[in-house]
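I have placed the structure first, in the form of structure tokens, so that the comments after it can refer back to it.
See below:
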């Protein structure tokens with residue numbers, strides 16, 4: 007991937023609601039209510055993202071991607087920089 011592509015991905019991430027995002031699945035993480043993604047930390051929550059129809063694995067992936075993509079981009083850029091040095 008080019009540096010521009012990586013920067014564009016990071017820009018999209020940075021425009022989204024800040025991490026962490028935490029996936030809560032009804033029946034796995036709690037027993038009543040709807041599954042959702044909590045944005046922000048427990049003590050400083052932003053808003054909940056609720057889906058009308060989503061597989062638990064897809065919801066977990068969305069939350070994980072928001073948290074991990076910026077870290078992966080940083081690591082890729084660091085490794086590319088080291089390789090060029």
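Residue numbers (our numbering): 7 to 91. All C-beta atoms, glycine included, are put in the ideal place defined by N, C-alpha and C.
For residue i, the three-state DSSP class (helix, strand or coil)
i          : result
residue 87 : helix
residue 7  : coil
residue 49 : coil
Burial state of residue i (16 or more Cβ within 10 Å)
i          : result
residue 22 : exposed
residue 57 : exposed
residue 8  : exposed
residue 24 : exposed
residue 90 : exposed
residue 38 : exposed
For residue i, the residue or residues it bridges with in DSSP
i          : result
residue 44 : 28 and 54
residue 36 : 32
8 Å contact criterion, which residue i and residue j should meet: CB distance rounded
i          : j          : result
residue 16 : residue 79 : 5 Å
residue 34 : residue 76 : So it is not a contact: roughly 26 Å between Cβ atoms.
residue 68 : residue 43 : 7 Å
Residues near residue i by beta carbon distance below 6 Å, same chain, minus five either side
i          : result
residue 46 : 52
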